[in-house]
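Asker:
In this note's numbering, the protein residues as written are 367 to 459.
#1: First and last residue of the alpha helix (DSSP H) that includes residue 452?
#2: If you follow the alpha helix (DSSP H) that residue 417 is in, where does it begin and where does it stop?
#3: What did DSSP end up calling residue 434 once you bin it into helix, strand or coil?
#4: Can you give the Cα-Cα distance for residue 439 and residue 414, rounded to whole angstroms?
#5: Closer than 7 Å by C-beta to residue 447: which residues in its own chain qualify, once you throw out the five before and the five after it? Chain order, please.
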């Protein structure tokens, strides 16, 4: 299997080319069905602050000073999502 993956639009276009080349209406119809539906509903607004490098360092310092604190507790202390705490502690930011 090739390691260079194609995007859905590229695959859709190639399927249409093959359908035209081999006169395969069903393949053309299948290619036309390959698209992403819009989101069913609007996304919820962001409720926590953005994780800046400075905030990430504060989180790391706090976690070092409070080794028994759970990530959820740290998140609540800083007003961020626990996923942002994980990113800070793993030096993603």
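Quick reminder that beta carbons are idealized off the backbone N, C-alpha and C, glycines included. Bear in mind that the values here come from a model prediction, so they are computed numbers and not experimental data.
Answerer: In brief:
#1: 448 to 455
#2: In the DSSP annotation of this structure, residue 417 is not part of any alpha helix (DSSP H), being labelled neither H nor E.
#3: coil
#4: 14 Å
#5: 414, 441
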